[in-house]
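As structure tokens, the structure follows; a few thoughts come after it.
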Amino acid sequence: MPTHQKGKPGAGDSSATSRFFRTSICPDATLSVAQRAAAIEQHINHINRYKDKETTIRAKGSREKLRDEVTENESSSSGEVDAEKEYLWLNTSSIDSETPLLSLTPDTQPILTTTTLTTTTTNHAATSSTTSQVSSPYSSLSQSAPSQFATIATTKRRPSPSFESPSATEVSSAGFVSSVLSFANAPFHTDTKPITTSKPDPLVLSPPGPEPVSSAVLPAPNESPTRGTWPNLPNPNMAPQKLKTMTDDSNIDGVVAMPRLEDLLRHPEDLDKIPALKAEYSRKKTEVDAQLREGLRDQLETVQRSISQLTEGQRHVLKTRDELQGIDKLCAESQGTVGDFSQIDKLARIQRNFEATIMMKKGLEGFHTDLAEVERLLREDDQDLENQPNLLSAHMAISRLRDFRDEAMDQIRKAQDSSSETTLVEWFQGLDSVIEWFDDHLGTAIMNLIPLVQTDNRSMVVRLALVLMNEEKNDAKVRALQEAQKDHKALASRFKSMNLGPKTVRGYKENFLKSIELYAQSQFEKSKEAFLDDPDKLEKSFKWFFNDLFTVKQGMQSLMPKKWKIYKVYTNIYHRMMRDWLLEFVNDPELPTATMLAIIHWSDKYYKKMEKLGWKQSDLVPNVLDDREGELVRDWRNLIIKALDEWMERMFTTDKKSFLERDTDALDTNADGYFRTKTLGDMWRMIHEQIMAASSSDRTDVTEGVIDAMFRALKTRQTTWQTVLDEECARYKTPTAEQSEGLQQLQDWLIAVANDQIACIDDNDEASGQLGYLTRFKGAFEPLVTPKYLASRANMELDNLRDGYVDLSTHCISLFIELIFTVDFRTTLPDFFTPKWYGEFAVKRMISTFEDYMTDYSAVLHPSLTDILIEELSDELLVRYLSSIRNKGAKFRRQDPFTDKFKDDILTIFGFFQKFPDAFAATIKDRWRVVDWLVRLLEAEKGAGVVAVYEAFKTEYWDLQLSWVEAVLRSRDDFERSMVSAVKAKAAELYVERGVETIMGKVR
């Protein structure tokens, strides 16, 4: 007899039944089957014996008394507490004792029998003189602690006095509620820690029926324990703690917070509040009672359900244990009955090995014949690759040959016969080429799967699916066997069925998915070429993408196994490849703007088309642009802004270089003959193109961002031009011979730049009939932005730009005039009001110079700047004329005809400016009246006369400088210091209201 058959195994002998049992099932099982059956019978008899012995301890009167005491009076006397405790313990000690039953497994902990729904309390310390053993999974619930639900009728939990439990478990027939709660409160069977110091809590048993239960020990009514889990009960091993009353604790769930009575009744007049407080407390009490009744009802249902589940689980465990023991017994008996079992088993193995050898011999002999037949089938399919009528036959034959080869090679490797293994390898070497041949046929069919469906070749598609499905099943078996051998190698080797069939994973299903990708990849490459040639044709280049998915949805799903979910497989593969294809462009730092814009627009179109195919955007994960639409839009906007800034900088660099080199070729004239810079028109055309590029994104935020960048660039161009012009003109304050040669070119540039600014804002160009560049700029972007942006920002920026163009053009004219006075009149102005002034005609020479300049530049200067030029010439001449009073040697003697000389100069000047009647009548004539005040200061009598003239002068020109008046007085030949003192005294006491700046504000 084999070793494992020696002796009849006992029911609890785990070593003898290791084939069917694991020690983890019942680690403490030492009883025989008969003993356990007797224990079960004893357990059932005990249940029947006490089923009708239920008694109810009526404690309703005492419970109502305690509740009234808590409601009406906040504190109780110590005597009442002792009386209450005594009453409670009398109730608990009146329980009849009963010896507990043993479980089927030898557990050392006492057992609480709860089938009769009675309340049981046990002093665990009495039975814990030795350390408790680990409880069996099938033992009854331990009764190591009294019920934690015994606070139903009380509102406070009080510590128990010293108490010695009876040596045996005392059992009393209690009410239904207390019985169920006592059972549910028993500790887990995994709780093996002995308890030696715990004291039982006070226990009041309630009659049957829904009664209030303290919410501190009940879960929320809407929280029901899940199947197979215990409610979250208090630890019975913990020392009991006092619960806070309703009046001083508002944090306990289910308890209504109420203010303290001692806080409410502080003054005699507060006694009037007692009826209202009583009514409020009664209302709160009613609410709490209703909550507690509801919680108790839910808890009872949960406990009953848990008891039923535990009982059913224990029954199944015991039944399974008995069945396994019976199987083990039958096995042992059958082996002992047949005396020559070992010889029979040996002969059976010999027969099986002989049959396997015969089969192996036949397989080896017919291998090449079968292989030739497969080759014939494949040759026939070569002639009709579109249909491949022999696909299934060839696959079945090749599968048999592969399985046979794998089995033969596996056996020879186990035999460790290298020479025979080499022979077999040579014998089977023709199979690999045939497999490759078949794989080529299969791959061709897979690569043309979409066209096959489109041409309605349903037979070919179904046969292909059958091949793949069969290979998928074989691969699943191989993987399962490999996992089983990995975890249970010895067990797997004992079963012949686990060692038959395919030995390796062939991966046809995985190759099928890869072929889908390869087919799509070739299509994506074609789309890439078309997209790079013309980004606007992106949608057209992906027409195949949606046609393929539509073909799979309509024609392929019904031809493939449903569990493959072939439509979802195709969609996921195509979507992932689309995402990778797009991100390849997005991640390119040199991505052209047109390409980026097409990709931004493609995202929305893609999801709309996929929605028509039945896929929501949330189903297509990850996002086709990796949730980078916002980033792409910002990049697109930044690309436009970058191009704009580069253009503006490049054009201004060209203009600056030409300006500094005085390159007149960089200047041009328009159709009216006005000087212009050649880059002005190019700049505004470029701006218009960038606006159109921004608008092509169909996003107002992009357009508005680009327009903001244009505002910044245009303002920067204004300030940069002004800085360059100022720096260059400042060099002529001390002119050299070389500078004088380039003066005319500099003045030409000043006129051209001034004309450019007017061209930007001039909307009344009657000659050309065109609007200004700035107005056309507004018209280009106005339809593309929101009304809010236009009103809150764009209009303000346009006004600032318009003012800037006016200021820059005026500044150019001012610099032009300043150059005239700095260079042309450098030697003339110092002679004013000196003795030479009387004998020369300096003003006439200056007017002659003015006439020459006007002759040269009136034709090339924008008409709107001509009046500005005349006014600026007049103002500058007047300021220089009046400021000449400070010239060295300027002196007015009483006998000199300075009055006549002043009159002659004014007439000469007016003679020139009267050629421009509009400007002369509007401003020039009135401003030159200030010369009359100069003459009056020079002619006034010393003392009061001078003061009176000054007062009148100051009243009319509020910004008259006192230093200039002092210089005029000092130029008189009869000057006395008292004259200045009198004027200063008058200036100190004179108050003049400030107004618009006058010409005297420029005279220092």
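Using UniProt numbering, read the sequence shown as starting at 1 and increasing by one per residue. Cβ coordinates follow ideal geometry from the N, Cα and C atoms, glycine included. Small disclaimer: the values here were computed from a predicted structure and weren't measured.
Counting C-beta atoms within 10 angstroms of its own C-beta, Tyr991 has fewer than 16 neighbours from the protein chains shown and is therefore classed as exposed. Boundaries of the alpha helix (DSSP H) harbouring Arg776: 773 to 781, taken from the DSSP string. Minimum Cα-Cα distance from Trp544 among the listed residues Met560, Ser527, Asp534, Glu436 corresponds to Ser527.
Within the DSSP secondary-structure output, Leu667 pairs in a beta bridge with Thr677.
For the set Asn387, Arg927, Met651, Val965, the Cα lying nearest the Cα of Thr455 is the one of Asn387.
Shown here for Tyr853: same chain residues with a beta carbon closer than 8 angstroms to its own, the five before and five after excluded, namely Ile820 in chain order.
Taking a C-beta distance under 7 angstroms as the contact criterion, Leu801 and Leu725 do not qualify as a contact pair. Taking C-beta atoms as the reference points, Met979 and Val931 fail to come closer than 7 angstroms.
DSSP, reduced to helix, strand and coil, places Phe341 within a helical segment of the structure shown. Three or more beta-carbon pairs drawn from the region 510 to 520 and the region 567 to 587 are found closer than 8 angstroms, and the two stretches are therefore classed as touching. Short of 7 angstroms from the beta carbon of Thr664, and not among the five residues preceding or following it, lie these beta carbons of its own chain, in chain order: Gln745, Asp748.
As DSSP reads the structure, Phe892 sits in a beta bridge with Arg972.
Along the region 896 to 963, the beta strand (DSSP E) does not occur as any fully enclosed run of 3 or more residues.
Cβ contact annotation for Phe711 (same chain, cutoff 6 angstroms, sequence separation greater than five): Glu797, in chain order.
When the alpha-carbon of Trp636 is set against those of Thr654, Ser658, Leu591, the nearest one is in Leu591.
Counting only runs that start and end inside the region 808 to 870, the alpha helix (DSSP H) elements of at least 4 residues fall at 835 to 839, 842 to 857. Contact annotation, Val935 with Phe902: C-beta distance approximately 6 angstroms; criterion of less than 8 angstroms satisfied. Nearest Cα to Leu877 within the set Arg893, Phe850, Arg894: Phe850. The alpha-carbon of Glu471 is positioned some 15 angstroms away from that of Ile446. Comparing C-alpha distances from Ser696 to each of Ala598, Ile641, Arg994 shows the shortest one belongs to Ala598. By alpha-carbon distance to Gly366, the top candidate from Asp384, Arg405, Thr716, Asn353 is Arg405. Per DSSP, Gln745 is one residue of the alpha helix (DSSP H) stretching across 743 to 761.
It is roughly 18 angstroms from the alpha-carbon of Trp933 to the alpha-carbon of Ser874.
Secondary structure of Val1003 (DSSP, three-state): coil. The region 642 to 653 makes no contact with the region 618 to 628, as fewer than three CB pairs between them are under 8 angstroms. Nearest to Pro561 by C-alpha distance, out of Glu529, Val462, Lys657, Lys612, is Val462. DSSP, reduced to helix, strand and coil, places Leu261 within a helical segment of the structure shown. Sequence-distant Cβ neighbours of Thr923 in its own chain, meaning closer than 7 angstroms and more than five residues away, are Glu871. Short of 8 angstroms from the beta carbon of Thr669, and not among the five residues preceding or following it, lie these beta carbons of its own chain, in chain order: Phe675, Arg676, Val860. DSSP, reduced to helix, strand and coil, places His601 within a helical segment of the structure shown. The beta carbon of Ser658 lies closer than 6 angstroms to those of Ala666 in the same chain, with the five residues before and after it left out. When DSSP states are grouped into helix, strand and coil, Asn795 belongs to the helix group.
About 16 angstroms separates the CB atoms of Phe825 and Ala890; that is not less than 8 angstroms, and the two are not in contact. Here DSSP, grouped into helix, strand and coil, assigns Trp615 to coil. Leu532 has its alpha-carbon roughly 8 angstroms from the corresponding atom of Thr595. Gln309 has its alpha-carbon roughly 57 angstroms from the corresponding atom of Asp270.
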